[in-house]
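Colleague:
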Ligand code: GLY
Ligand code: MN
Ligand code: MN
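In the working numbering, the protein residues as written are 577 to 1021.
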């Protein structure tokens, strides 16, 4: 992202804040995986969205209208010894020169500098409740200001959770964000295609995971947006299966839900395909049904429609199909009642999608004033219906059991409809079988 993109974002947030307010954006904490070893660091999405600053131990303060400059960044100062071990830091100079801070201070100066920044500000926006230590320190800083009220300074009296304001802003993606999300989805889509083609009976779930991660990493998608799910056979019925340690059996399906993160933006794609390259009859029937539901849902993901419309379309299609397959009892006439009573839920228990952006389950309200919100150009979401029939569902005819299917794409709402960012991974029965048989030439679009 360019410096002017970050500036634009800060200007928009400042405009949405009340006058005489201030916003606090803390860095994510580092977390320990085991003695002396940390998990790979991932910056807090809000701070990263506003500044692009990638380091831990930082706090950004946005103080609209402040004469000396609106953005103050606290961060780790240079330290030759530590930098020798851990790599270069931006330091306070870099915070100003690279990240556009108007002022920057070492993180150790918070107690000294923040109270001054809170003087004569009535409202503080911050991630209240997310970090007890920040809550505590903020109140300490406020009390320092309060102690000075007799000298004529005002102390803040209102404390507002920042999430809602920032969520609304992050929900509608800019042109620059869309470009990155397109690239993230493209890398993941190509990785899915590659894994689909490599899959053979006898391989292990973790081998498909390794191929997927390799395909993303080698193109710059160094981090996964979430741990890949590679579930074969009945494992595909476990929604958050991440063990990925079973052998792929001839005759089973395998579900892969995986997507890389690129420059802080997530992709999130699922494909389900036969381990041996050919669907059997019950697999084909269920797969065609999920695909029909996904297509119906994507067709409803257009501007002006409400958030819930794609879900409603998926539920309608799935319920009708389950009746036709004899999995749900009752004829055509029973369909509205079956939907109302949510009889599909034992087989489709999650929603049809979620917002997508810097966080894989991205920020932004789904309802406004109690009603599902309308879709607008620039919003990005996933469309991911599924059907899951584990062995315990003995009411379902035996051939349909031990099958889990989900089909998930990343969809951008555009002014005249939508753009499927993750297109390019085979999705119909015919395209999957043809691709897996090697009849379709491998191309790196
Ligand atoms: N991979 C997480 C999700 O599909 O929501
Ligand atoms: Mn998803
Ligand atoms: Mn997913």
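Glycine residues also receive a C-beta, built at the ideal position from the N, C-alpha and C atoms. Just so you know, these numbers come straight off a predicted model, no measurement behind them.
Which partner residues of residue 826 appear in the DSSP bridge assignment?
Modeller: Bridge partners of residue 826: none, in fact.
Colleague: Grouping DSSP H, G and I as helix and E and B as strand, with all else coil, what is residue 883?
Modeller: Of the three classes helix, strand and coil, the one that applies to residue 883 here is coil, per DSSP.
Colleague: I'd like to know whether the C-beta atoms of residue 638 and residue 586 end up nearer to each other than 8 Å.
Modeller: Closer than 8 Å, so yes.
Colleague: Is the Cβ-Cβ distance between residue 641 and residue 582 less than 8 Å?
Modeller: Cβ atoms of residue 641 and residue 582: not closer than 8 Å.
Colleague: Assign residue 800 to one of three DSSP states: helix, strand, or coil.
Modeller: Note: residue 800 maps to strand in three-state DSSP.
Colleague: Figure out for me which residue from 600, 651 and 616 has the closest Cα to the Cα of residue 607.
Modeller: Looking at the Cα atoms, 616 is the closest of the given residues.
Colleague: Compute the distance between the beta-carbons of residue 734 and residue 699, then report whether it is under 8 Å.
Modeller: Their beta carbons are under 8 Å apart, which means residue 734 touches residue 699 by this criterion.
Colleague: Counting C-beta neighbours from all protein chains within 10 Å, is the total for residue 848 16 or more, i.e. buried, or is it exposed?
Modeller: It counts as buried.
Colleague: Taking only runs that begin and end inside the stretch 922-971, name each unbroken beta strand (DSSP E) of 3 or more residues, in chain order.
Modeller: The qualifying runs are 956-959 and 962-965.
Colleague: Would DSSP call residue 546 helix, strand or coil?
Modeller: It is not possible to answer for residue 546, since the shown part of the chain is limited to 577 through 1021.
Colleague: Measure the CB-CB distance between residue 1002 and residue 902 and report whether it falls below 8 Å.
Modeller: Contact flag unset, no.
Colleague: Taking the alpha helix (DSSP H) that residue 986 belongs to, which residues open and close that run?
Modeller: Run containing residue 986: none in the alpha helix (DSSP H); it sits in the beta strand (DSSP E), 985-990.
Colleague: From residue 624 to residue 917, what does the alpha carbon distance come to, in whole angstroms?
Modeller: Their Cα atoms are separated by approximately 43 Å.
Colleague: Between which two residues does the beta strand (DSSP E) holding residue 1028 run?
Modeller: One cannot answer for residue 1028 here, as it falls past the ends of the chain, which runs 577 to 1021.
Colleague: Please identify the residue among 851, 938 and 740 whose C-alpha is closest to the C-alpha of residue 779.
Modeller: Minimum Cα distance to residue 779 is reached at 851.
Colleague: Given 7 Å as the limit, tell me if residue 846 has its C-beta closer than that to any heavy atom belonging to ligand 3.
Modeller: Yes; taking the cut-off as 7 Å, the Cβ of residue 846 has a heavy atom of ligand 3 nearer than that.
Colleague: Check the DSSP bridge columns for residue 599 and list the partner residues they point to.
Modeller: In the DSSP output, where bridge partners are listed per residue, residue 599 has 638 and 701.
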